[in-house]
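Mapping to my numbering: the sequence shown position 248 is 251, numbers consecutive.
For every residue, glycine included, the Cβ atom is placed at its ideal position computed from N, Cα and C.
Just so it is clear, the structure is predicted and the values come from calculations on it, not from any experiment.
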Amino acid sequence: MNRKITAAIVLIIFVSLSSFVLAAERPIEIYINEVEVDSDVPPVILNGRTLVPIRVISENLGAKVHWDNKNRTVKVIADSINVLLKIDSKKASVNNQEVLLDVPAKIIKDRTMIPLRFVGEALGADVEWNNDRRCVVINKTDNGNDVNSSVNISDLSYEVINDRPSIVIKGDGALKYEQEKSTDWSKLVIDIYADNNLKNNAIYVDSDIVRKAVIGIFKTDPLISRIVVELKQDVPYQIYQTDSEKNIIISFNTLNNTAKNTLKNITIEDKGSELNVNLKTSKSSDINYFLLSNPDRFVVDINDTVIDVVAPKVSTNRYFEDLRVGQFSNDPDVVRVVFDLKKGVRYKLHKEDNEIKILFSEVSNEGKLIVIDPGHGGSDPGTVAGMAYEKDFNLDIAIRLKKLLEDKDINVLMTREDDVYVGTYARPIMANEAGADLFISIHNNSCGNPSVSGTETLCYPDPKKRAFALEIQKAVVKELGLPDRGLVEKPGYIVTREAKMPAALVEVAFMSNNNDLSLLKTEEFRQKAAQGIFNGIMNYLN
Numbered sequence: 004m005n006r007k008i009t010a011a012i013v014l015i016i017f018v019s020l021s022s023f024v025l026a027a028e029r030p031i032e033i034y035i036n037e038v039e040v041d042s043d044v045p046p047v048i049l050n051g052r053t054l055v056p057i058r059v060i061s062e063n064l065g066a067k068v069h070w071d072n073k074n075r076t077v078k079v080i081a082d083s084i085n086v087l088l089k090i091d092s093k094k095a096s097v098n099n100q101e102v103l104l105d106v107p108a109k110i111i112k113d114r115t116m117i118p119l120r121f122v123g124e125a126l127g128a129d130v131e132w133n134n135d136r137r138c139v140v141i142n143k144t145d146n147g148n149d150v151n152s153s154v155n156i157s158d159l160s161y162e163v164i165n166d167r168p169s170i171v172i173k174g175d176g177a178l179k180y181e182q183e184k185s186t187d188w189s190k191l192v193i194d195i196y197a198d199n200n201l202k203n204n205a206i207y208v209d210s211d212i213v214r215k216a217v218i219g220i221f222k223t224d225p226l227i228s229r230i231v232v233e234l235k236q237d238v239p240y241q242i243y244q245t246d247s248e249k250n251i252i253i254s255f256n257t258l259n260n261t262a263k264n265t266l267k268n269i270t271i272e273d274k275g276s277e278l279n280v281n282l283k284t285s286k287s288s289d290i291n292y293f294l295l296s297n298p299d300r301f302v303v304d305i306n307d308t309v310i311d312v313v314a315p316k317v318s319t320n321r322y323f324e325d326l327r328v329g330q331f332s333n334d335p336d337v338v339r340v341v342f343d344l345k346k347g348v349r350y351k352l353h354k355e356d357n358e359i360k361i362l363f364s365e366v367s368n369e370g371k372l373i374v375i376d377p378g379h380g381g382s383d384p385g386t387v388a389g390m391a392y393e394k395d396f397n398l399d400i401a402i403r404l405k406k407l408l409e410d411k412d413i414n415v416l417m418t419r420e421d422d423v424y425v426g427t428y429a430r431p432i433m434a435n436e437a438g439a440d441l442f443i444s445i446h447n448n449s450c451g452n453p454s455v456s457g458t459e460t461l462c463y464p465d466p467k468k469r470a471f472a473l474e475i476q477k478a479v480v481k482e483l484g485l486p487d488r489g490l491v492e493k494p495g496y497i498v499t500r501e502a503k504m505p506a507a508l509v510e511v512a513f514m515s516n517n518n519d520l521s522l523l524k525t526e527e528f529r530q531k532a533a534q535g536i537f538n539g540i541m542n543y544l545n
């Protein structure tokens, strides 16, 4: 009887497991020109879009990839195609033409993942999704012109998008275009590398801004369709594309601001070591400017002014992520210009008549000296947990931090670089005599309650020392993810009290807690601890 019951249970488990396996979704497969492509990181689906490792796809499509770690951007180059994507940004560009993505590029499991259809079509390939087989099929011809020549313009229309009159050109595939330069504001000319079989090749709008738009074949080799938009007013406009580049949208500013002071021009000049932004108004006006935090933003409010300009495209630079312009209020009229700053950026603003000039440059850490103090050492082991000594953990994290700082050309002085004893007073004295800018002491914690876990930072009750300690605490907690035990003011701690510069003592984790201790024993955790301290230092310096 027992054997029958056991056999029945085994059979039920087997059937259940089999059903589970059958129900599980098959992994996504990628085929390029009918050949399956292997990837160590499987594709993922995010918001209905397939994301794939960029190197796997680009290299199989004959493209080169360049990663800019500082700006977190990826550049994909193939023949005459130049694709630029920024991690977590829905703005991308193809040959310097802005494209809006449904899903941005992402870092997933330390791999750069990109929207497959966008990059594939940008590189001149046909991309299809087979839902039954759960696979992506990519076909690329040897001649990119053959792929583009198959694209047709399917529609030409006039629409109002986000309260702006717009001309919309739609294609059945990715549309590549170039704007013809002209000094005649009344005619806007765009060449599109596509065929068109439109029954109606003109739309007569006769609005306050647009008179009409006409499209026709301009060249046959290569195949180019030209659209000419006739304007009634010289107004600002913006040309952009939607995700997959199948739409080209020409968006016009509707404001009639001839009687008012207007912000009419914005120019950006990147000189490498600095970046100049020039805001030009039709008349001189009063301004207010200030900083906002979380995230860092530099804001310029131009009073008694209305907007009559479209924000220019912001190329990748080291000073700000984006530039936004908007009508902040209408009574009174205030135009607000916002710069989303990167870390370590300073600015100078100068106003002269109807021009507002802003110069952005990097905060220089050249010549800065940081003293790193690995706690305990030699005959003073600190906390001991079995065969684990606090002094060893402290030194290891300190050495890793030293490398991170030196990689940024910041000078570093260690109070000890080996397993030696250094007196408590000697440590801050070394920093004072060296004229250090910052002092950071690295320790690990312990207490009688083994359930206590987390990170805390100690400081002397002084405003500058507290501010530095707060940056260290926030950054280390963010990097490690351990419980945030906050700042602890310790007037009697010699190393932070006697240091003449901003000083902090970070207690990374609790060696008396089994989980914290097991983490401390891994190189990965100690590297993250060093990275967190480094981030805190840089945040304070910047």
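- Annotation: asparagine 133 is outside any alpha helix (DSSP H); the continuous beta strand (DSSP E) that includes it extends over 129-133.
- Here leucine 352 carries a strand assignment [DSSP, helix/strand/coil].
- Between arginine 321 and glycine 65, the alpha-carbon positions lie close to 30 Å from each other.
- Rounded to whole angstroms, the Cβ separation of leucine 372 and asparagine 414 is 5 Å, and the two are in contact under 8 Å.
- DSSP, read as helix, strand or coil, puts aspartate 383 in strand.
- Here the stretch 335-352 lies against the stretch 291-309, with 3 or more beta-carbon pairs under 8 Å apart.
- Following the DSSP letters along the chain, one finds lysine 94 inside the beta strand (DSSP E) bounded by residues 94-97.
- Partner residues in the beta bridge of threonine 53, as assigned by DSSP, are Ile48.
- For lysine 481, the closest of Ala532, Arg469, Ile432 and Val491 by C-alpha to C-alpha distance is Ala532.
- In the three-state scheme derived from DSSP, where H, G and I count as helix and E and B as strand, arginine 403 is classed as helix.
- DSSP places lysine 89 inside the beta strand (DSSP E), whose first and last residues are 84-89.
- For methionine 433, there is no enclosing beta strand (DSSP E); the residue is found in the alpha helix (DSSP H) stretching over 429-437.
- Burial state of asparagine 199 is buried, judged by a 10 Å Cβ sphere holding 16 or more other Cβ atoms.
- Going by DSSP, tyrosine 292 is part of the beta strand (DSSP E) stretching over 290-295.
- If the five residues before and after lysine 263 are omitted, its C-beta is found closer than 6 Å to the C-beta atoms of Val309, all from its own chain and listed in chain order.
- In the DSSP secondary-structure assignment, aspartate 343 is bridged to Arg300 and Asp325.
- Taking the Cα of isoleucine 375 as reference, the smallest distance to any Cα among Ile443, Lys222 and Asn291 is reached at Ile443.
- Straight across, the Cα-Cα distance linking alanine 314 with serine 169 is about 17 Å.
- Residue pairing of lysine 173 in beta bridges, as defined by DSSP: Asp158 and Asn250.
- When secondary structure is reduced to three states using DSSP, tyrosine 392 falls in the strand class.
- Around lysine 173, the same chain offers Ser157, Asp158 and Asn250 as residues with beta carbons nearer than 6 Å, after the five sequence neighbours per side are excluded.
- In the DSSP assignment, glutamate 526 falls outside any beta strand (DSSP E) and within the unbroken alpha helix (DSSP H) covering 526-544.
- Within the same chain, and ignoring the five residues on either side of tyrosine 428 in sequence, the residues whose Cβ sits closer than 8 Å to its Cβ are Ile497 and Glu501.
- Around the C-beta of glutamine 182, fewer than 16 other C-beta atoms lie within 10 Å, and the residue is accordingly described as exposed.
- If you draw a 10 Å sphere on the C-beta of threonine 115, you find 16 or more other C-beta atoms in it, and that means buried.
- Note on geometry: alpha-carbon atoms of isoleucine 84 and glutamate 369 lie some 38 Å from one another.
- Within the model, the alpha-carbon separation for glutamine 534 versus arginine 167 is close to 47 Å.
- Going by C-alpha positions, leucine 191 is about 8 Å away from leucine 234.
- In the three-state reduction of the DSSP assignment, glutamate 369 falls in the coil class.
- Here serine 296 is not near threonine 265, since their CB atoms are 8 Å or more apart.
- With contacts defined as CB atoms closer than 8 Å, asparagine 516 and asparagine 447 fail to qualify as a contacting pair.
- Between alanine 472 and cysteine 462 a beta carbon distance of about 4 Å is seen, short of the 8 Å cut, so the two are scored as contacting.
- Note that the C-beta distance between asparagine 203 and valine 217 is not below 8 Å.
- Rounded to whole angstroms, the separation of the alpha carbons of proline 431 and aspartate 440 is 12 Å.
- Around the beta-carbon of histidine 379, 16 or more other beta-carbon atoms lie within 10 Å, marking it buried.
- Within the same chain, Cβ atoms closer than 7 Å to the Cβ of aspartate 237 are found at Trp188, the five residues on either side in sequence being excluded.
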